[in-house]
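Student: Here you go, one structure.
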Amino acid sequence: MDMRQLKYFLKVADLGSISKASDHLHVSQSAISAQIAGLEQELGSRLLLRRATGVELTDPGRLLYRHARLILRQVEIAQDDVARASEEPSGTVTLGLPSAIAEIVGMAMIRACREKLPAVRLQIIEGLSVLLGEFTLSGRLDISILFVEHAPRGLETVPVLDEELFYVCSPRSSFAMEGKKNVTLSEALETPVVAPAIGNSMRAVVEAACAVEGLQFKPAAEIDSLALLRACAMQDIAATFLPSSVVVKEEAAGELYVLKVRSQNFTRPISICTSAMSATSSASEAVFQLLRNITTDLVRSGVWQGAKLRN
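What the sequence shown shows, in my numbering, is residues 3 to 313, in sequence order.
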């Protein structure tokens with residue numbers, strides 16, 4: 003197999019159509035079909051299913067897709083490194099940030115990159131932690147921040163800090179009216195609480211704490227949206243559990259009331275992750291180190307509230 007075959011295959015898979023890939027690559031459909039047919043013959047597996055609405059990957063096709071992305075990315079990195087061996091770090095680095103910390107970390111990284119790494123083109127993608135992990139594994143992301151303690155298979159993980167969750171409610175709630183500064187988990191669960199669905203890192207923290215204290219958590223609703231979780235608390239529909247970093251503005255404006263939860267462990271781990279199977283460019287290494295420095299500075303300066311650095 004050669005680079006052209008892999009490039010055509012990836013573009014068809016990404017766009018879900020040979021005709022769309024043809025338009026994008028400015029290559030005839032017959033040429034693309036011939037290259038993919040050559041791949042299928044060489045590998046002895048059918049990679050694509052042709053349908054009236056386009057194409058979709060087979061199981062062997064999905065496996066090749068992951069490897070092809072890594073291969074092309076490694077070739078790109080090699081070209082950049084050789085061409086710029088004696089120059090400052092340059093090129094494109096793609097960083098994945100979970101929605102809960104995208105603003106606080108993303109803005110700091112944009113400013114720092116412009117100042118310290120002017121030749122690096124930083125791309126930031128916001129999304130769910132679980133999806134960012136998959137994108138990092140497949141090579142679509144160079145670096146990501148994930149809410150994990152240990153490295154999932156295929157990823158290298160550096161734990162950097164732990165982030166505390168707080169009970170967030172309306173200023174009109176009884177706790178706020180009483181001026182309480184903290185609550186037990188049992189007290190918090192006596193009120194209506196909304197939370198993300200199982201699988202979310204914040205939900206995992208609550209479930210783990212409940213298991214330790216022998217409590218049962220039955221959320222009033224499961225909501226995988228930070229904006230809606232905040233809105234429920236602001237409108238006094240239900241309280242929720244969130245890191246204080248995502249409600250700083252609302253708390254300062256008197257729109258939300260934030261209390262500490264008295265529980266043995268009410269924190270989630272935050273780690274910086276990279277692919278263990280992909281080569282790393284000098285630009286990626288520079289951004290990785292800058293990200294470590296930025297997260298450290300945000301915590302030590304008090305900007306990232308409720309976060310504690312790992313030793």
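For every residue, glycine included, the Cβ atom is placed at its ideal position computed from N, Cα and C.
Kindly identify the DSSP beta-bridge partner or partners of Cys171.
Tutor: Tyr259, per the DSSP bridge assignment.
Student: I'd like to check one pair, Leu167 with Val207: are the Cβ atoms closer than 7 Å?
Tutor: Cβ distance < 7 Å, so Val207 and Leu167 count as in contact.
Student: Could you tell me how far apart the beta carbons of Pro230 and Leu191 are, in whole angstroms, since I believe they sit closer than 8 Å?
Tutor: Contrary to the premise, residue 230 reads as Leu rather than Pro in this sequence. Actually they are not in contact, since the Cβ atoms of Leu230 and Leu191 sit about 20 Å apart, beyond 8 Å.
Student: Below 7 Å between beta carbons: does that hold for Glu158 and Ala278?
Tutor: Cβ distance < 7 Å, so Glu158 and Ala278 count as in contact.
Student: Report yes or no: do three or more beta-carbon pairs, one from the segment 124-144 and one from the segment 280-293, lie closer than 8 Å?
Tutor: As far as the Cβ criterion goes, the segment 124-144 touches the segment 280-293, which means the pair count is three or higher.
Student: How about Leu119 and Gly108: are their beta carbons less than 7 Å apart?
Tutor: Result no, Cβ atoms of Leu119 and Gly108 do not sit closer than 7 Å.
Student: Could you tell me the boundaries of the alpha helix (DSSP H) in which Leu394 lies?
Tutor: The requested residue 394 does not occur in the structure, where the chain is confined to residues 3 to 313.
Student: Are Ile34 and Ser24 closer than 7 Å when you measure CB to CB?
Tutor: Contact flag set, yes.
Student: Report the rounded CA-to-CA distance for Ser247 versus Ile274, giving the unit in angstroms.
Tutor: Distance between the alpha carbons of Ser247 and Ile274 is about 18 Å.
Student: Between Leu8 and Ala70, is the Cβ-Cβ spacing less than 7 Å?
Tutor: In this structure, Ala70 lies closer than 7 Å to Leu8 by Cβ.
Student: Round the Cβ separation of Thr269 and Glu165 to the nearest angstrom and send it over; I've been treating them as touching at under 8 Å.
Tutor: About 6 Å separates the two Cβ atoms, so the contact holds.
Student: Closest to Asp226 by C-alpha separation, out of Ile200, Arg116 and Leu148, would be which residue?
Tutor: With distances taken between Cα atoms, Asp226 lies closest to Ile200.
Student: Going by other Cβ atoms of all chains shown within 10 Å of its Cβ, with 16 needed for buried, is Ser21 buried or exposed?
Tutor: Exposed, since its Cβ has fewer than 16 Cβ neighbours within 10 Å.
Student: Would you kindly report the start and end of the unbroken beta strand (DSSP E) that includes Ala309?
Tutor: First-last of the beta strand (DSSP E) with Ala309: Ala309 to Leu311.
Student: Cβ atoms of Ala114 and Leu300: under 7 Å apart, would you say?
Tutor: Not closer than 7 Å, so no.
Student: Just confirm the distance between the C-beta atoms of Val250 and Gln307, as a whole number of angstroms; I'd bet it's less than 8 Å.
Tutor: 7 Å between Cβ atoms; contact.
Student: Hey, out of Pro154, Phe177 and Leu261, whose CA is closest to Leu134's CA?
Tutor: If we check each option's Cα against that of Leu134, Pro154 comes out closest.
Student: Output the distance between the C-alpha atoms of Gly304 and Val57, rounded to the nearest integer angstrom.
Tutor: Those two C-alpha atoms are separated by around 50 Å.
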